[in-house]
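S.K.: Position 415 of the first sequence, counting from 1, maps to 408 under this note's numbering, and the rest follow consecutively.
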Amino acid sequence: MKYHAVKGTRDFYPRDMAIRNWIVDAWRRVSLRNGFEEYDGPIFEYLDLFRAKSGEGIVSELFHFTDRGERELAIRPEMTPTLARMIAAQAASLPRPIKWFSVPRLCRAERPQRGRLREFFQWNADIVGTDDVLADAECIFVVLDFFREVGLTPQQATLKINSRSLLAALLAARGFAPDRHAEIYTVLDKRDKLPPEVYAEKLESVVRTPAERSDLECMIQAHGAGGLDEVAELARGNEAAEAEIERLRELFKLLAAMGVADYCTFDMSIVRGLAYYTGVVFEGFGQGALRRAICGGGRYDQLLTVVGGPPMSGLGFGTSDVVMLDLLNEFGLLPAEAGVSKHVDFQVIDAAGDQSHVVLRIVAELRRAGHCAEFSYRRGNLGKQLKQAAGQGAKWAVIVGDEYRQRQALAVKNLGTGEQVERSMDSFLADPVGQPAATP
RNA sequence: GUGAGUGUAGCUCAGUUGGUUAGAGCACAAGGUUGUGGUCCUUGGGGUCGCGGGUUCGAAUCCCGUCACUCACCCCA
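#1: Using DSSP's beta-bridge definition, name the partner residues of Gly289.
#2: Do Ile342 and Ser313 come within 8 Å of each other at the CB atom, strictly closer than that value?
#3: Considering only residues of the same chain and omitting the five flanking positions on each side of Thr432, which have a CB-CB separation below 7 Å?
#4: For Val337, does the three-state DSSP call read helix, strand or coil?
#5: By a C-beta neighbour count over all protein chains shown, 10 Å radius and 16 as the cutoff for buried, is Ala366 buried or exposed?
#6: Leaving out five residues on either side along the sequence, give the residues of the same chain with a beta carbon under 6 Å from the beta carbon of Arg285.
#7: Express the C-alpha separation of Glu49 and Val199 in angstroms, rounding to a whole number.
#8: In three-state terms, what does DSSP make of Ala431?
#9: Tell me whether Glu31 sits in a helix, a strand or coil according to DSSP, three-state version.
#10: Please say whether Asp182 and Arg265 have beta carbons closer to each other than 8 Å?
#11: Hey, which unbroken runs of the beta strand (DSSP E) at 3 residues or more fall wholly within the segment 1 to 79?
#12: Below 7 Å CB to CB, which residues in the same chain sit around Phe113 once its five sequence neighbours on both sides are set aside?
#13: Rounded to whole angstroms, what's the CA-CA distance from Leu408 to Gly279? Just pull it up for me.
#14: If distances are taken between C-alpha atoms only, which option among Arg354, Gly363, Ala344 comes closest to Asp338?
#15: Whose CA, out of Leu308, Lys335, Cys288, Pro304, lies closest to the CA of Met317?
#16: Would you kindly report the start and end of the unbroken beta strand (DSSP E) that includes Leu99?
#17: Could you tell me which of Leu244, Cys257, Gly252 sits nearest to Gly272, measuring between CA atoms?
#18: I'd like the ranges of any alpha helix (DSSP H) spanning at least 4 consecutive residues and lying wholly in the segment 153 to 233.
#19: In the DSSP assignment, the beta strand (DSSP E) including Asp119 goes from what residue to what residue?
#20: What residues match up with Ile263 in a beta bridge as DSSP calls it?
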């Protein structure tokens, strides 16, 4: 072939499209029942919007171009800047809390690899305009509501939770100036994602003395059931840290009240790579062969000010279709029906070969009534047409043949059970799916 | 941008120490079958063996280059 799909992009043939819709529908269903409203924005934005949020370094990771009006634009690599821009523009008039979700198509100019492509779909849900811990709980619940919706158990997927505020308070008490925190976070985030030697090397480059490093390691390894108590020991007398620990305890109680505590653990090593997180941070992990992060999110305080809006606290999360489908496949949680791209209710068959006008009349009326009705361009040859009907999963076959010629009747066959009854044209069209009275 | 691996039909893959016209299964199509489906049988279409060059009497096979894909690194919003 001369042309093929560009590196890192996918063609969605009907089966693939059905699977994509299956997961997007689940995201949408879960979002809506959690009280979120859907929004969307343009697929490209000013390049500066992304520079403002992520810095100059982001540019090489973007697909960007200059339009004929010399505007520097970029295809969106994430949704959050657009969300911030949209909320900032109408911040004064939006009712709080702002609970919005979106399933944007995003593009990043990265080298593709397992779970990461150059074009993908991402589910984002954010709660903006409040710093209430109830919002933290609700946002995290949405993720776990989705896990349960698709059948992911706490043995298959978990959510690790931490707090940037807590980290900041503990770091400050150890003499790390606030302007050093960001680079320390970036390294800490890699603790469980890099080989130990590589991580150690990176840590040395930002934390000079061995004493500081072992202190940090001691702090960061707190996790699990007793993790918060361990940290509370370390934080004794540190007011800011103690307050945040209390907030986390409350968060875990709320998650327990919502019945999703089984999925959640406290873990001080979760810090997220992203610079703008300021409060609670969390990351989901698959517990199978691919033990990678499958979703992540957190609270941010300065996001809107970056785009010129008023200060507003919020939190949100994101996850991609690529990594989520990998995970669901791994656990066999993608049902066969997910890939079904055509749902035929009635296959109307011209058994005689000269009844096209009758077949099309029936087909048109069924379609008008909202049913999916199909017919074959092949006329006559009942066997082949039934085969075709079965091949595309039709529920019923409606046969126009001898009984129609003799007494205007149709043979209606249930392709699931093989049962076949004769019905008059009028009774069938009046109630196609209903069980008919006994044949006259 | 760096490194490794893999490229044969739409898909999954065979293909002997280099040897004659490159195969199978699945999928697709036609027929067996002019009123009863998923099975079965027969047949068919579909390939510049990723591309270019080299070695050789002869290359899918060996060598070099190149491109694509996959995986890992970098990065991660």
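The beta carbon of each residue, even a glycine, is placed where N, CA and C say it ideally should be. Remember, it's a predicted structure, so these values are computed and weren't measured experimentally.
M.R.: From the atom records:
#1: Glu276, Gly311
#2: no
#3: Here Thr432 scores only 46 on pLDDT, less than 50, and its place in the model should not be relied on; the value that follows carries that caveat. Answer for Thr432: Val414, Glu415, listed in chain order.
#4: coil
#5: buried
#6: none
#7: 21 Å
#8: Interpretation of Ala431 is limited by its pLDDT of 46, a score under 50 that renders its predicted location unreliable; the figure taken from the coordinates is listed afterwards. In this structure, Ala431 counts as coil in the three-state DSSP scheme.
#9: Here Glu31 carries a strand assignment [DSSP, helix/strand/coil].
#10: yes
#11: 37 to 39, 57 to 59, 65 to 68
#12: Leu99, Ser313, Asp314, Val315
#13: The alpha-carbon atoms of Leu408 and Gly279 are separated by roughly 40 Å.
#14: Gly363
#15: Cys288
#16: 98 to 100
#17: Restricting attention to Leu244, Cys257, Gly252, the CA atom closest to the CA of Gly272 is found in Leu244.
#18: 157 to 166, 171 to 181, 189 to 199, 203 to 213, 220 to 227
#19: 112 to 121
#20: The partner list for Ile263 (beta bridge, DSSP) is empty, contrary to what the question assumes.
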